[in-house]
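*Asks:* The working numbering puts the first residue of the first sequence at 3, with every later residue one more than the last. My structure is below; once you've seen it, I'll send some questions.
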Amino acid sequence: MEYRRSENLKDPSLNQRIITLIKNIPEGKVATYGQIATMAGNPQATRLVVWTLNSCSQKEKLPWHRVINSKGRISLKPGQGYELQKMLLQKDGIKFEEDDSIDLEKYLWSPSEIRL
DNA sequence: AACCTGACTTCGG
DNA sequence: TCCGAAGCCAGGT
Numbered sequence: 003m004e005y006r007r008s009e010n011l012k013d014p015s016l017n018q019r020i021i022t023l024i025k026n027i028p029e030g031k032v033a034t035y036g037q038i039a040t041m042a043g044n045p046q047a048t049r050l051v052v053w054t055l056n057s058c059s060q061k062e063k064l065p066w067h068r069v070i071n072s073k074g075r076i077s078l079k080p081g082q083g084y085e086l087q088k089m090l091l092q093k094d095g096i097k098f099e100e101d102d103s104i105d106l107e108k109y110l111w112s113p114s115e116i117r118l
């Protein structure tokens, strides 16, 4: 499936779009880095998503915990924020499998009505 | 101005 | 199937 953006928009920087998208992740849903990058218009900017989360999650007040990797697992290491993220996700109503992974089929965000 | 980095993803051996 | 290596982007140094 393709995520296209309307052409008469201004051209905010890619990371600005990334920020906007992350802000739009609804409670109870998660998105993968690659998905965010794709929606922002550049499927190959996953590293940028990482950078964006690191640099803007706090000041932009992003729901950063809703962003996970493609395997449906938290990318942070224990003691580095892993536990916090897991807690926040559970607070959102997301359940973890026995191996601590998240069922993407069930929780992956489907941005059907998002317009940038 | 060149080089490094980051919570990833994908491809090849 | 599993692990290593390369690739991608923009801001920071």
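Glycine residues also receive a C-beta, built at the ideal position from the N, C-alpha and C atoms. In this text, all values refer to a predicted model and were calculated from it rather than measured experimentally.
Below 8 angstroms, how does it come out for the segment 20-27 and the segment 90-110: are there three or more Cβ pairs, yes or no?
*Replies:* The segment 20-27 vs the segment 90-110: no contact.
*Asks:* What did DSSP end up calling I104 once you bin it into helix, strand or coil?
*Replies:* The sequence position of residue 104 within the first sequence is 102, counting from 1. Correct three-state label for I104: strand.
*Asks:* Scan the segment 39-98 and note each continuous alpha helix (DSSP H) run of 4 residues or more that stays entirely inside, going in chain order.
*Replies:* Listed in chain order, the complete alpha helix (DSSP H) runs (minimum 4 residues) inside the segment 39-98 are 48-58 and 84-93.
*Asks:* CB Y84 to CB V32, shorter than 8 angstroms?
*Replies:* For the purposes of this step, residue 84 is taken as residue 82 along the first sequence, with counting starting at 1. For the purposes of this step, residue 32 is taken as residue 30 along the first sequence, with counting starting at 1. Cβ distance not < 8 angstroms, so Y84 and V32 don't count as in contact.
*Asks:* In whole angstroms, what is the alpha-carbon distance linking N71 and P65?
*Replies:* Taking the first sequence and counting its residues from 1, the one referred to as residue 71 is at position 69. Taking the first sequence and counting its residues from 1, the one referred to as residue 65 is at position 63. Rounded to the nearest angstrom, the two C-alpha atoms are 15 angstroms apart.
*Asks:* With a cut-off of 8 angstroms on the beta carbons, I'd call C58 and I21 a contact; round off their distance for me.
*Replies:* Start at 1 with the first residue of the first sequence, and residue 58 comes out as number 56. Start at 1 with the first residue of the first sequence, and residue 21 comes out as number 19. 6 angstroms between Cβ atoms; contact.
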